[in-house]
Every structure is written in C-alpha cells, then in structure tokens.
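Numbering (my numbering), first residue to last: 807 to 1415.
The beta carbon of each residue, even a glycine, is placed where N, CA and C say it ideally should be.
The structure appears right after this line, and notes come after that.
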C-alpha cells in the first residue's frame, strides 16, 4: 500500500486506533504520586528529601522523568519566594528529589507530599485529535509517514559525504551522511559507536549545505540533547561557521547547565515568538567569536527541544510549514505515537538510536496499546541492506572482550567490533588495564561466583552476599589507588540498588554510582559490577530484559564483573558471559604458559585473579 491509495476510512481507522491506545495508556499512568518524607537535607536550591511509599510498596517510590519540574504540594509546605515549589530530580537516585524554592522550616520527616506532574498525554491526544487540525488533514500525513517508515523513498540527491566536515567521522560512520536523501532513515548506533558525534556531524553538514533549510531536532532526554548541541556548537566553531551557531535555538524548560553555560547563544531571547518570556541573565557572556550577537534578533533555522516539548508546541510547529529535516535523537526510546506527528511535518526524518537498547516505556499490557505506545519507529525499520539504514559497527568504549560479548548478545546480524585505531593505541589500552579487587589488570570480563541466597518478599529481591562481595572488592581497591567514582554498580531490582547504595555510603563509598539500568543509559565507567540477584526472575526472561542487559554490560570500559550464582547461570545470556569470561582467562593462561584453574566457584586470587 502507498500513500496515493490510502482511503479516508483507512486514515480514520488508523487515527482512531492510535487515540484509543493513547487514552488506554493514560488510564494506567498516574501523573501524581503521594510519598512520605523520611530524610531532610539542606540544599542550595531549597530542600533535598528522601522519600518512601505511604503504602509500603517500594515500586511506588519512583520519581522519574515524568516528574521533572512538577509541582509539589503538602500540608504546611511554604515557598521562600511566593512561587510554586518544584521537584528537581536527582540524576542517580529515584527516591530523592530537591524541593526547589521550599522553605526548609516547612519540610519535616513524616510529612506526606504530593508531586503533580504535567499530563504529557494531553498534548499527545490533541496532536491526534482531528478536531484540532483545522484545514489540514494531519492524520493523513502521519499515516503516509507511517507507511514510509517501512518503505522509505528518495527525496533528494544531497550526499553530505562530500562536505569538508565529513572528515570528522570514520569510514564506517560516513555512510550515515547519505541517509539525508531518504524520506525516513535509520542510523543504528550500538554502545560506544559514536552516535553523538555522527549526529552532530550530520546536523552541521546539513546546515552548511542547505543555507535556507529549516531543521527540527528533538530528543527523548534533556541531557543527551544538550550533549549533542554542545558538540554541534564545537564543530561549527571549529569550521569558522559562527553565523550558523547564531541560527540554533534550544527550547523547553529542562535546559541544563551544559547549554546555559557553554552555549548561552542557543537560548531563546525574551521576545522569541516560539518561547516568549525567557530572559538571558544579566551580564551573559557570549563567545567573542560571535561578534555583536543579539539574542533578541536571532534568526532560528535549527529548532531544538525534547519530544515532549515538541508535542506541546505541535500547533506552532505546523504553522511554520514543512521542516526540511527532522533528526530524532535516541528515537528507539520514543513511541510511534509520539514520533509520527513530528514526522508528518518533515520532508525527511532521520531516526538515530539503537533498538537493541532501551525501548519506550509503557505500562499497559494490551498488544493493541503496546503496538503504538511501547514500540518505537525502529519497529518499522527495513532490512539493514536498505539504502535507508546504516549501522555503526565500530566501538571505542569497551575493552575488546566485553565488546565481543555484547556483539554476540545483541548485534549478531551486523556485528560490533572494536575499532582498529584504538586497539593499536597505547593510551586507550592503558586506560583499560586496571586491577580491581582480586582481579588482575588484563582480566576484563569476570563472572564472580555468589552463593544461592536470595531473599524474596513478594516482588522484592535482595541478596546480602552480593553487597558483602562488592564491599570487599572496593575495600581492597583503597590500597590500589582506584577511585570510587570510576565504579558503577547496576542491578535489575530497585530495592537491591537502594540497599547497596545505603551500605556503600555507610562504608564511605558514596562516590560509587549504584543504579538500575534505565538511569545508566548514556553513561560509562571504568568498572561495572552487575548484580543479577535472581537470574530466574520471570522479568529477566523477557526480550525487554535482554535489552537492559545489553545496556548494563556495555557501560563498562575496562572491567565487567557479573555477580552470579550457579542457578543464575542457567540464564542464556549469563551462560554466554561465563563462556566469554572463561575464554578470555584461558587465552591469558595460555599466553603465560600457566595451567591455573579459572572462574571456578569460590576461586579467588592467583596471577589472573
């Protein structure tokens, strides 16, 4: 089927199904939560509080992206400036928030607070409700784009590989630059493959090659979007294109310090018609290379914002006419329902992400709902041989044995290899030659044996021995010069993460990051410890769990330690990890002419550790 033969009935049925799915998901996704304050700490922006469930269910205590800058209400709660008290999220902890603007004397342990988030489903529903569309059939345009996702067409001859800035990407990345010719294109970026760099080069090259082009840049998360913009600014400055640096504007309420401090020229002016009211801080220092830059008279060509912000502004975006190019950063984490309205206003949509990592989060279990709310645009991606698809196949983050495991786990079809330039780099290899606990510097992949002791309390899974083993290894590293901030502990179970964090803090290891998988996306550490806790848990048998394990393992630069019992090792992916760890150890033993046993339960120390 193509867009010429799509009937009104087909379009109406498509839109009705999507609207129904959005409303069903909205019913099971609360936009407010009541929690009890258990700890109050001073903070320069107000008061920092640790929270607990008022019902005793730890899963209730998840303050995620929905609640960023949400309004906070409580009996007796006062603000110091007469404005509303807002919730600021902690980048690592999902049970800690900063009550921005709160009077410290009005917050106390035992107090019940309500965090009320903006209902992001409202603009999504409005984007799909034809009553809001005026004279343009936006649902038809969205339907046509949906069909093109699986069957993209060529919309131009522009090949950005011919631009000077193309030298900033490697030969295996350069194919991404020709994707701008397609009506829908997929840039698949496995972990450590340089997604941010390639996306920045694509945007810079497109701006340079198309002096009149209008571009929409959207991303799922504020921080990742700001990282991309900071890199784009660097490239444009390096190539002397200060004129283009003045044509980019970052919209939305979640702009971080990365942009506010390093790229203040990206912020909208007080008279910006798209986001009026923002005023630059008095004495804002703009880059001298920008000349006499006036933020109140900038002409924006690249409009950058989160997906949520774009949906809130979708009517204004539609009024601006068709965008020549839309790049969606981390598109594999956005739902079809979110992306299709933005695709409908774009000639070409460039979807950058990785379907083997985190997917859109949806609570509803109905397949008809999940088709639109839990599936990303990558669910419609053609075969990787298509001219609309480019897969980045070289990585520069993980030690090679970790890379091989991750490739076997998630990238069998395309493969993922360590780039030759870093494999032959002394500095890169030295940075990954790190002893940790009982394990020698040349061991990069270890399955660390744990006994069969898991505490089960309903959905809660706890394993005390894991914590003791982690503490033991960290304590040993105190004498090895290893820094706690170089260690990341990941577990699939929220209660275990909180218990580990509490115990490590008590032992003086506050700088060790402890998290569940979702909060680690985009980060990397020298050492990653993955605590399985319960490899037989039903969730860990799902396809979603496979994606989470891919994310977790690929955060490691120098060492990946998997804490697993013999029963845990019945899990297929953990079996793969054990096999890969043993293979690495055997090769090292052979190279040393040793016959030591490796990786057997209870084994500690020795030359290979």
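Taking the Cα positions, residue 905 is about 31 angstroms away from residue 1109. The three-state secondary structure of residue 1248, taken from DSSP, is coil. Within the segment 1026 to 1081, the complete alpha helix (DSSP H) segments of 4 residues or longer fall at 1028 to 1044, 1048 to 1051 and 1063 to 1068, listed in chain order. A Cβ-Cβ separation of about 5 angstroms places residue 877 in contact with residue 890 under the 8 angstroms criterion. About 10 angstroms separates the CB atoms of residue 1054 and residue 1010; that is not less than 8 angstroms, and the two are not in contact. Residue 1212 has its alpha-carbon roughly 21 angstroms from the corresponding atom of residue 1004. Only residues of its own chain outside the window of five on either side were considered, and among them 828 have a CB closer than 6 angstroms to the CB of residue 931, listed in chain order. Note: residue 1196 is bridge-paired with 993 in the DSSP secondary-structure output. The alpha carbon of residue 1132 has as its nearest neighbour, out of 838, 1121, 1252 and 1147, the alpha carbon of 1147. In this structure, residue 1141 lies away from residue 1114, with their beta-carbon atoms at least 8 angstroms apart. The beta carbon of residue 1353 sits closer than 7 angstroms to those of 1162, 1163, 1164 and 1165, all from its chain and outside the five residues before and after it, given in chain order. Shown here, residue 1129 sits in a strand according to DSSP, grouped into three states. By the neighbour-count criterion, in which 16 or more other beta carbons inside 10 Å mark a residue as buried, residue 1052 falls on the buried side. Taking 8 angstroms as the cut-off, the beta carbon of residue 1250 is found no closer than this to the beta carbon of residue 1290.
Under the rule that a run must span 3 or more residues, the beta strand (DSSP E) segments found entirely inside the segment 918 to 948 read 918 to 922.
For residue 823, the enclosing alpha helix (DSSP H) stretches over residues 814 to 833. Rounded to whole angstroms, the gap between the alpha carbons of residue 901 and residue 887 is 26 angstroms.
Bounds of the beta strand (DSSP E) holding residue 1112 are 1108 to 1112. The beta-carbon distance between residue 830 and residue 1172, rounded to whole angstroms, is 7 angstroms. This is short enough to meet the 8 angstroms contact definition.
Residue 903 sits close to residue 857, with the two beta carbons spaced by under 8 angstroms. Note on the segment 1289 to 1324: whole alpha helix (DSSP H) runs with a minimum of 4 residues are 1300 to 1312, in chain order. Cα atoms of residue 1322 and residue 1295: separation of roughly 8 angstroms, rounded to the nearest angstrom. About 6 angstroms separates the beta carbons of residue 1272 and residue 1256, which is inside the 8 angstroms limit, making them a contact pair. Note that the C-beta distance between residue 883 and residue 859 is not below 8 angstroms.
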